[in-house]
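If you're matching them up, the sequences are chains A and B in order. Note that full-length UniProt numbering has the first sequence beginning at 1, numbered continuously upward. Note that full-length UniProt numbering has the second sequence beginning at 1, numbered continuously upward. Built from N, CA and C at the ideal position, the CB exists for glycine as well. Every value quoted in this text rests on a predicted model; they were computed, and no experiment measured them. The block underneath contains the structure these notes are about, expressed in structure tokens.
2 protein chains.
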Amino acid sequence: MKRVTIHDVAKEAGVSVTTVSRVLNDRGYISTEMKEKVLKAIKELNYIPNEMARSFFSNQSKFIALIVPTTENPFFGELTFRIEKALAKFGYHLFICNSLNDPENEEKYLRLLNEKRVDGIIVGSHNVDISEYKNYENQIVSIERKLTENIPMIQSDDYNGGVLATRELISQGCSNILCVIGDKNVETPANDRSLGYISEMEKNNLKPRFIEIPFQIGYEEKYKIIKDTFQTKFNFDGVFAGDDVNAKLFMNVAKEMNYDIPEDIKIVGFDGTQTMRSLVPELSTVVQPIEQLANEAVKILLDLLQGKKVKKESTLPVELYLSRTTNRIKN
Amino acid sequence: MKRVTIHDVAKEAGVSVTTVSRVLNDRGYISTEMKEKVLKAIKELNYIPNEMARSFFSNQSKFIALIVPTTENPFFGELTFRIEKALAKFGYHLFICNSLNDPENEEKYLRLLNEKRVDGIIVGSHNVDISEYKNYENQIVSIERKLTENIPMIQSDDYNGGVLATRELISQGCSNILCVIGDKNVETPANDRSLGYISEMEKNNLKPRFIEIPFQIGYEEKYKIIKDTFQTKFNFDGVFAGDDVNAKLFMNVAKEMNYDIPEDIKIVGFDGTQTMRSLVPELSTVVQPIEQLANEAVKILLDLLQGKKVKKESTLPVELYLSRTTNRIKN
DNA sequence: TTTCATATGTCAACCGGATGACATAAATTT
DNA sequence: AAATTTATGTCATCCGGTTGACATATGAAA
């Protein structure tokens, strides 16, 4: 059976296609009488406009792509969820790209922009090569990632998060505090977390110490690095873990090696997703305002697409959630 | 600046648009010489075909929508990831829909099909009303969800998973085993898990006992139901938790109330995502073949779209992963 | 009476590529 | 020499809407 088009509707209602289009798009002059006639025909024929044709003509797909390393990760799973919700409010749809931090992959996704398949992109990936991005500055925003001078960035107050986490560990009596950082070569705002850490350590005359766990490697490898850290250089009594996944892995390894948390080691994570908060409620962590990050990113991107002037940088406040891994009793 | 079109390329190369189109689509007769000339012009002008125009003409968007309750949940986060990967291999893109199990929401997404915005849909949602689906039987597959007679379903061997989990608990000495089920009103293959449980219990002359935890409610509410279960009717020594999230919540509440796992209570989960396996390695669980589920769903859907005959039901094997919550030492 | 906002319709052009029909050659086969 | 295959081009049409231009009525306001 053939698809019902606007022409069929026009014929059924005994009017011109222009009139139907006018009704559909609420344009020009239309009497209520005429409107009803058209709407009745639409209902009768069960007509549904072909959005692809509309998109083609208007040169707007109403699609936004989100590039994340992987939705497997709770933070990005939740971010994806929030962004999809936020976009839906404006009639946009979300199109998901798991980059796996593969530059080639990411480049492929950028091409979608040129192909006119998406109107804009939200980048939440941790990739290295950014020269490509320069060509798309007016249709991209990034979350927690500095791309180019002109691409708007929405981030949490990572620096303050680092300060809060470190202060908490110190106030609970830690003096040998390890800070987990991601890939040193990648300049992400997440690195500000360690700057906050450093500042707070130095303020207390403590020596900052780091361990590198690249974000993009698998759980197994992360586990190994952490295990190795325990085995070869254990002499820390506090860990600022960079994110909740690392924090939990630290907790697991500690338990495995019969260290008591929080007695021997205290831990603070970062992210504070619903999932982690509910499944690992004993973990003290710095809570990112994921929902606000999503809303803000969407708002700024849509403004950008409309040619409006937008803020180049938005920093949203974080909150410290205290629990048993830093000796705060919960329940 | 104006967009480079196929006409510009034709002019630049000194050929007709038809020739350019022939080169692009590898159709008709083309000499290598001519081909090179065209390709050179394409490169020089940095021409990128407008995919929206192509889609419009060919009536194929190359988009597939995935409807899930929420990507927040580790299982669906991982499923999303796998499906996106699988689709990418065939040049399809994934478009994400978080239904939140809201029927209205789900209906809205189905409309996308009619609007020609997506070519097909993979349903992984737990919704109730399914009458709508009848209109789309040749462009939908479902994962772990019986929709209509004709919509192909891909599922794990849930029944066997229930058997394996229950058998494990019994073999570890449990006799009062609680089984968590989702919404009783929703008929999902996940319910087969409890059938496997029942069968194995009866085989051992044990009395099946259930507790209902709807899938779609929040973590907090689930926590409350579980806490309530412990407080009002504690006399179980084993839990088949239905999924890993519930399993972990049971573990948390048990700890909170000073029950020892696995001494006092043994627990088996369901799903076995990478994330849960890595973050909660002590949890014994039934591992779903998520990657295969994704691959199979994609394969069947694409076959369906091509009008091929496809299997109406595919059942993939599960595996039992044994760990400390059922007294199996790990590490 | 003249102007004007309102109401309706027709027609053609356009968005960017895909494609079938048809014409014309040159190169190969038969 | 005739038939066939290969190579290239032009032209018009289509996909399904949107839109601007323009014509023609009203009834109301100036």
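Output the boundary residues of the alpha helix (DSSP H) element that contains residue i.
i: residue 57 of chain A; result: 51–58
i: residue 192 of chain A; result: 190–203
i: residue 166 of chain B; result: 158–171
i: residue 299 of chain B; result: 290–305
i: residue 110 of chain B; result: 103–114
i: residue 40 of chain B; result: 32–45
Across which residues does DSSP place residue i in a beta bridge pair?
i: residue 65 of chain A; result: A:95, A:121
i: residue 154 of chain B; result: B:143, B:314
i: residue 222 of chain B; result: According to DSSP, residue 222 of chain B bridges with nothing at all.
i: residue 209 of chain B; result: B:178
i: residue 266 of chain B; result: B:238
So, helix, strand or coil for residue i, using DSSP?
i: residue 242 of chain B; result: coil
i: residue 214 of chain A; result: coil
i: residue 183 of chain B; result: coil
i: residue 331 of chain B; result: For residue 331 of chain B, the predicted model reports a pLDDT of 48, less than 50, meaning its position is unreliable and no value from the coordinates is stated.
i: residue 260 of chain A; result: coil
i: residue 79 of chain A; result: helix
i: residue 8 of chain A; result: helix
i: residue 271 of chain A; result: strand
i: residue 320 of chain B; result: strand
i: residue 352 of chain B; result: Because chain B is modelled from 1 through 331, residue 352 of chain B falls outside the range shown and cannot be assessed.
i: residue 333 of chain A; result: Outside the displayed span of chain A (1 to 331) sits residue 333 of chain A, for which this structure offers no information.
i: residue 18 of chain A; result: helix
i: residue 178 of chain A; result: strand
i: residue 232 of chain A; result: helix
i: residue 255 of chain B; result: helix
i: residue 134 of chain A; result: helix
i: residue 308 of chain A; result: coil
i: residue 100 of chain A; result: coil
i: residue 148 of chain A; result: coil
Looking at the secondary structure, which residues open and close the beta strand (DSSP E) in which residue i lies?
i: residue 285 of chain A; result: 284–287
i: residue 278 of chain B; result: Segment 274–279 is the alpha helix (DSSP H) holding residue 278 of chain B; no beta strand (DSSP E) there.
i: residue 141 of chain B; result: 140–143
Measure the beta-carbon distance from residue i to residue j and round it to whole angstroms, keeping in mind my assumption that it falls under 8 Å.
i: residue 385 of chain A; j: residue 13 of chain A; result: No answer is possible for residue 385 of chain A: it lies beyond the span of chain A, which begins at 1 and ends at 331.
i: residue 266 of chain A; j: residue 172 of chain A; result: 5 Å
i: residue 237 of chain A; j: residue 264 of chain A; result: 7 Å
i: residue 271 of chain A; j: residue 288 of chain A; result: 6 Å
i: residue 207 of chain A; j: residue 246 of chain A; result: Contact flag wrong, Cβ pair sits at about 21 Å.
i: residue 226 of chain B; j: residue 249 of chain B; result: 5 Å
i: residue 139 of chain B; j: residue 158 of chain B; result: With 8 Å as the limit, residue 139 of chain B and residue 158 of chain B do not qualify as a contact, their Cβ atoms being about 25 Å apart.
i: residue 107 of chain A; j: residue 322 of chain A; result: About 42 Å; that fails the 8 Å criterion.
i: residue 71 of chain B; j: residue 71 of chain A; result: 6 Å
State yes or no: is the C-beta of residue i nearer than 8 Å to some heavy atom of the ligand SAM?
i: residue 140 of chain B; result: Absent from the structure shown: the ligand SAM. Ligands present: none.
Exercise. Listed in chain order, which residues of the segment 233–252 of chain B have Cβ atoms closer than 8 Å to some Cβ of chain A?
Worked result: Against chain A - using a Cβ distance shorter than 8 Å - the residues of the segment 233–252 of chain B are 245, 248, 249, 252.
Problem set entry | Residues from the segment 199–212 of chain B in contact with chain A, defined by Cβ distance under 8 Å | Here the close residues number zero.
Problem set entry | Cβ-based contacts, 7 Å cut-off: residues of the segment 319–330 of chain A near chain B | none
For this session: Note down, in chain order, all residues in the segment 107–128 of chain B with a beta-carbon under 8 Å from any beta-carbon belonging to chain A.
Result: 111, 112, 114, 115, 116, 117
For this session: Could you please tell me which residues of the segment 253–286 of chain B, in chain order, have their CB closer than 9 Å to any CB of chain A?
Result: 255, 256, 273, 274, 275, 276, 277, 278, 279, 280, 281, 282
Exercise. Which residues, in order along the segment 81–110 of chain A, keep a beta-carbon less than 8 Å from a beta-carbon of chain B?
Worked result: 81, 84, 85, 93, 94, 95, 96, 97, 98
Problem set entry | Residues, ordered as in the chain, of the segment 129–161 of chain B that lie near chain A by beta-carbon distance below 7 Å | Residues: none.
Problem set entry | Residues from the UniProt domain "HTH lacI-type" (4–58) of chain B in contact with chain A, defined by Cβ distance under 8 Å | 48, 49, 50, 51, 52, 53, 55, 56
Exercise. Going along the chain, which residues of the segment 63–78 of chain B sit with their C-beta nearer than 9 Å to a C-beta in chain A?
Worked result: Taken in chain order, the members of the segment 63–78 of chain B whose beta-carbon sits within less than 9 Å of a beta-carbon on chain A are 63, 65, 66, 70, 71, 72, 73, 74, 76, 77, 78.
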